[in-house]
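Undergrad: Here it is, the structure in full.
In this note's numbering, the protein residues as written are -13 to 418.
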């Protein structure tokens, strides 16, 4: 996106005086340039570093208005807002990434830790901007998250030994996805961020070691910084990688010669030379394979030694813990005495409980005879009540039977009357 044509004259001239004469116009020019830089220079996520200077001014130049005269004010504003970070402050670790910019600025100004940043070096119209690098903070942080995901998925899940955590700079840039997400100029900035700000890696002498890993954190045998052992491991891995590439090249040549040897139209002398070349390559290939296997064996032995060191350290700590606990528990005789004491106290507690449960109860103080009489009275009342219930139940049964008899008698009478009437009717019919 370009700048608004109607405002180019104002944007490209020195608008510093507008800060006093026309504050609104000054702020509008700053905001317009800020938006332009965001859209054209800061939005490319592969860029973590913005380089400013004479070349940057030329990139911003306009055919009619020349180079912008106040772009330094815009850069200074972006630095003040924490959008950009001066590279020298970033490398010195004096920037509190993750701390609000206003708070950090207040602290540095309050205690005189740093002076106000300015990107202008002189009043020279053509080259007034300092030649320097600035960190694009948002791109740095966003790419860090992506690279951490790559480290977890491409490296840490496959770790089996210490050698899997140590790399040359080039190997790490490939495996950790640094080259996947960033351009070449941003590599060092990201490595520095991973090392000094996030403590994910140790980095020195072209050697990178991942230290934010349980394998490293759990053992005091492996220091957090780069050691001679790390350098040796990187040399072994680099040689293995180089040999592997040469082996692949030779295997490709052998396949090439095998194809040539299958062409029947080729003269015998030519085929003989192809065969000789193939045999020479196979001889060198055999040597390289032996070298590679030896180096791989050494690498495995290093990992095994590192694992042994970790196990020994773990066992040593375990012994110390067990010894400490046993000392706290005391001797076996002391434990037996403790158990006897516990048993004695348990017996005492049971006896005290029995005594307390018998408080206020004494059979001798009770009138046993009176209790027996009361019990017989209750039993007699219960029997009488039971007999009354049974007698009532028998009476109810007899009444039910009597009702049934009466009902049957009535039915019989009705039946007899019916038969009598039928007999009379039949007699009358006969007489007629």
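The C-beta atom is built at its ideal place from N, Cα and C for all residues, glycine as well. Model, not experiment: these values are computed from the prediction.
1) Could you work out which residue in 28, -4, 393 is closest to residue 15 when comparing CA atoms only?
2) So the beta strand (DSSP E) residue 10 belongs to, where does it begin and stop?
3) According to the neighbour-count rule (16 or more other Cβ atoms, all chains shown, within 10 Å of its Cβ), is residue 28 buried or exposed?
4) Go to residue 173, then tell me how far its alpha helix (DSSP H) extends in each direction, as first and last residue.
5) Mapping DSSP to helix, strand and coil, what is residue -11?
6) Would the stretch 115 to 132 count as touching the stretch 64 to 80 if we require 3 or more Cβ pairs under 8 Å?
7) Nearest CA to the CA of residue 39: which residue from 11, 116, 1?
8) Compute the distance between the beta-carbons of residue 135 and residue 35, then report whether it is under 9 Å.
9) Contact between the stretch -3 to 8 and the stretch 46 to 65: three or more CB pairs below 8 Å?
10) By a C-beta neighbour count over all protein chains shown, 10 Å radius and 16 as the cutoff for buried, is residue 243 buried or exposed?
11) Could you check if residue 46 is buried or exposed, using at least 16 other CB atoms within 10 Å of its CB as the buried criterion?
12) Could you give the DSSP three-state label for residue 220: helix, strand or coil?
13) Does the beta-carbon distance from residue 61 to residue 108 come in below 9 Å?
14) Residue 49 lies in the beta strand (DSSP E); which residues open and close that run?
15) For residue 56, report the span of its alpha helix (DSSP H) as first-last.
16) Apart from the five residues on each side of it in sequence, which residues of its chain come closer than 7 Å, Cβ to Cβ, to residue 168?
17) By how many angstroms is the C-alpha of residue 333 removed from the C-alpha of residue 313?
18) What does the alpha-carbon distance come out to for the pair residue 268 and residue 174?
19) May I ask you to verify whether the stretch 146 to 155 touches the stretch 210 to 226, counting CB pairs closer than 8 Å and requiring at least 3?
20) What is the DSSP secondary structure of residue 189, counted as helix, strand or coil?
21) Quick one: using the 10 Å Cβ neighbour count with 16 as the cut-off for buried, is residue 219 buried or exposed?
22) Helix, strand or coil: which one does DSSP assign to residue 393?
23) Does the beta-carbon of residue 366 have 16 or more other beta-carbons within 10 angstroms, so that it is buried, or is it exposed?
24) Report, in whole angstroms, the separation of the C-beta atoms of residue 240 and residue 274, which I expect to be a contact under 8 Å.
25) Between the C-alpha atoms of residue 369 and residue 388, what's the straight-line distance to the nearest angstrom?
26) For the alpha helix (DSSP H) holding residue 165, just list the boundary residues, first then last.
TA: Taking the geometry as given:
1) Minimum Cα distance to residue 15 is reached at -4.
2) Unbroken run through residue 10 is the alpha helix (DSSP H), 9 to 23; no beta strand (DSSP E).
3) buried
4) From DSSP, the alpha helix (DSSP H) with residue 173 extends over 173 to 178.
5) coil
6) yes
7) Per the Cα distances, 116.
8) Here residue 135 is not near residue 35, since their CB atoms are 9 Å or more apart.
9) yes
10) buried
11) buried
12) helix
13) no
14) Run containing residue 49: none; DSSP gives neither H nor E here.
15) Where residue 56 is concerned, there is no enclosing alpha helix (DSSP H), given that its DSSP letter is neither H nor E.
16) 32, 34, 129, 176
17) Roughly 29 Å between the two C-alpha positions.
18) 41 Å
19) yes
20) strand
21) buried
22) helix
23) exposed
24) Not a contact, Cβ separation roughly 12 Å.
25) 29 Å
26) 164 to 167
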